[in-house]
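Sequence positions in the sequence shown follow my numbering and run 10 to 392.
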Amino acid sequence: MSDLFFYLGLTNLLMCLVVAVPLVLGMRSIGVLSFFEPSAGPQPQVSAIVAARNEERNIEEALSSLLAQDYRHLEIIVVNDRSTDRTGEIVERLSGGDDRLRVIHLSELPAGWIGKNYALNAGAAKAQGELLLFTDADAVMQPDVIRRAVSYLRDNQVDHLPMLFRVRMPNWLLESFVVTFFIYLLTYCRPWKCPNPHSTAHIGIGGFNLIRAEVYQAIGTHEALRMRPDDDLKLGKLVKKHGFRQVFLNAADMMYVPWYASVRELVLGLEKNAFSGVDYNLAFALVASGSMLAFNVLPFVAVFLTSGVTWYIYLVVVVILLAMGVVSAYHVRARMSCCLAFPLGAAMFVFIQWRTIIVNMTSGGIRWRDTHYPLSELKANKI
Numbered sequence: 010m011s012d013l014f015f016y017l018g019l020t021n022l023l024m025c026l027v028v029a030v031p032l033v034l035g036m037r038s039i040g041v042l043s044f045f046e047p048s049a050g051p052q053p054q055v056s057a058i059v060a061a062r063n064e065e066r067n068i069e070e071a072l073s074s075l076l077a078q079d080y081r082h083l084e085i086i087v088v089n090d091r092s093t094d095r096t097g098e099i100v101e102r103l104s105g106g107d108d109r110l111r112v113i114h115l116s117e118l119p120a121g122w123i124g125k126n127y128a129l130n131a132g133a134a135k136a137q138g139e140l141l142l143f144t145d146a147d148a149v150m151q152p153d154v155i156r157r158a159v160s161y162l163r164d165n166q167v168d169h170l171p172m173l174f175r176v177r178m179p180n181w182l183l184e185s186f187v188v189t190f191f192i193y194l195l196t197y198c199r200p201w202k203c204p205n206p207h208s209t210a211h212i213g214i215g216g217f218n219l220i221r222a223e224v225y226q227a228i229g230t231h232e233a234l235r236m237r238p239d240d241d242l243k244l245g246k247l248v249k250k251h252g253f254r255q256v257f258l259n260a261a262d263m264m265y266v267p268w269y270a271s272v273r274e275l276v277l278g279l280e281k282n283a284f285s286g287v288d289y290n291l292a293f294a295l296v297a298s299g300s301m302l303a304f305n306v307l308p309f310v311a312v313f314l315t316s317g318v319t320w321y322i323y324l325v326v327v328v329i330l331l332a333m334g335v336v337s338a339y340h341v342r343a344r345m346s347c348c349l350a351f352p353l354g355a356a357m358f359v360f361i362q363w364r365t366i367i368v369n370m371t372s373g374g375i376r377w378r379d380t381h382y383p384l385s386e387l388k389a390n391k392i
C-alpha cells in the first residue's frame, strides 16, 4: 500500500506541475479591462442582447446597469422567453422610459431549439449594431464597461471579446465552489492561448460575449448552436474554428453576476450542462471525474495517511493545489480562504457531474427552465 501511495504521489506531483505552471504563468498574461484606458476612436453601434425567462429577481438591476452605460451608440434588445413571472412587466416598464430598450415577447419555442438559444437568435436577428453583446439577464456592469470593451476590441483588431465577471455567491461554500470551477474552466479552455491563431484554445462567457456582427453571421449565428446548453462556450469555439481573432479579458472588478442562492440551486442549475461539458461522452466523463478525485481530492487525504518521503510529496502537491486556488480566487475576486475548500469543491463537482449524467440518461434528456430537451437531439448538435 505504501508503494502505491508513493507512485500515486509522484504521478500527482507531475500532473500538478503540468497543469499549474501553464495556468499560473498564463493567467499572468490575461489583460484586465480596467487597466486599459479607452481611446477616442469611433464608436460603432452596439446591440446588447439579453434572453430572459423568469428573471424577475435580478433583471431590473441588470437592465438598469445597461441603461446606465456611458456608451453613446447602444441599443438593448431584451427577449422575454415565455416568462410566467413578472419579467415581461418589468422590461416593458423599463422600455417605456428609454427608447434604447426594445422588448421582444416570445410565446412559443420551435422544435429543435433550446429556449435561451432561440431567444438570443431572435434578438440578434433584430439587432442593428456592428457589434453584438450577448449578456445575461442578471449581469450587472459599471457604467464604462462597454465603452472600454469596444475600445479594446477596436484598437486590437479583435473579433470576439469574452470577459470574465465576478460570480457573486451568498456564502463561503458556494464561493469556494466557484474558485474550484474556475480552475477547471481555465484548465480546459486555456484562455491565454486564445489569441494564438494556431491554437485550438477557445472560450466564451455567457455574461459577456462581445462579437462583430459580421463574424457572428460567418460562424452560422445561434442556428449552429440550436441545441447546445453550453452555447456561450461553443460560440467561442466556432469563432476560433473559423479563423477569427479571439481575446479573453478579466473584468471581474467591473461587473458581477449573482449565480445560485443555495447548494440545491447550484446542483439543479448545473444539470443543463454538466454532461454537455464532456460532449455526452460517458468514457470521457469517467476519466475526468476519476482524475478530479485522484489529483484534487486524494492528496488532501493522503497527507493524513502517509509518512516519510511520500508525505513530503503529497505536502508539495497540496501546496501547489492551494496556490492554484489562490490564483483562481484572485482572478474571480473571491475570498482567499476559499482555496482551502479546493478538495470539497472538486468532490462537489464530481457529484454534480454524475448526478447530472444519471438524471439525463434516466429521463432521456435535460430539463431546463420548465422545458425538456431530448438527449438524442442534444447529442446530435456537435461542434
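Ideal placement from N, C-alpha and C gives every residue a C-beta, glycine not left out.
All figures in this text were calculated on a predicted structure; none of them were measured in a lab.
Counting the other CB atoms within 10 Å of its CB gives residue 190 a total of 16 or more, which places it among the buried residues.
In this structure, 219 is the residue among 260, 361, 180, 219 with its C-alpha nearest to the C-alpha of residue 242. Between residue 206 and the set 300, 234, 240, 254, the nearest pair of CA atoms involves 254. Proximity to residue 262 across 98, 339, 65 peaks at 339, based on C-alpha coordinates.
The beta carbon of residue 184 is closer than 6 Å to those of 178, 343, 347 in its chain, skipping five residues each way along the sequence.
In the structure shown, the three-state DSSP call for residue 60 is strand. For residue 289, the three-state secondary structure derived from DSSP is coil. Residue 223 and residue 140 have their C-alpha atoms spaced approximately 8 Å apart. Just measuring C-alpha positions, the residue of 28, 15, 213, 13 sitting nearest residue 301 is 28.
Apart from sequence neighbours up to five positions away, the residues of its chain that approach residue 149 with a beta-carbon distance below 6 Å are 70, 71, 74, 265, ordered along the chain. Contact between residue 142 and residue 57 holds: CB atoms are separated by about 4 Å, below the 8 Å threshold. Scanning 117, 130, 67 for the CA closest to the CA of residue 100 turns up 67. Look at residue 365 here: in three-state DSSP terms it is helix. Assignment of residue 12 by DSSP, reduced to helix, strand and coil, places it in the helix class.
Taking C-beta atoms as the reference points, residue 231 and residue 126 count as a pair closer than 8 Å. Excluding sequence positions up to five before and after residue 82, its CB lies within less than 6 Å of the CB of 52, 54, all in the same chain and listed in chain order. Every alpha helix (DSSP H) stretch that sits fully inside the segment 273-352 and reaches 4 residues is listed by chain position as 291-301, 307-311, 317-341. Straight through space, the alpha carbons of residue 171 and residue 215 are spaced by roughly 8 Å.
Across the set 154, 116, 90, the C-alpha of 154 shows the shortest separation from the C-alpha of residue 47. Under DSSP, residue 231 takes part in no beta bridge, so it has no partner. Nearest neighbour of residue 173 by Cα position, chosen from 192, 165, 166, turns out to be 192. Cβ atoms of residue 245 and residue 213 come within 8 Å of each other, at about 3 Å. As DSSP reads the structure, residue 84 sits in a beta bridge with 56.
Within the same chain, Cβ atoms closer than 7 Å to the Cβ of residue 157 are found at 42, 45, 47, the five residues on either side in sequence being excluded. Between residue 368 and residue 298, the CB-CB gap reaches or exceeds 8 Å. By DSSP's assignment, residue 173 forms a beta bridge with 259.
In the DSSP assignment, residue 186 falls within the unbroken alpha helix (DSSP H) covering 181-198.
Bounds of the beta strand (DSSP E) holding residue 141 are 140-144.
Taking a 10 Å sphere around the C-beta of residue 257, we find 16 or more other C-beta atoms and assign the residue as buried.
Pairing residue 14 with residue 315 gives a Cβ-Cβ distance under 8 Å.
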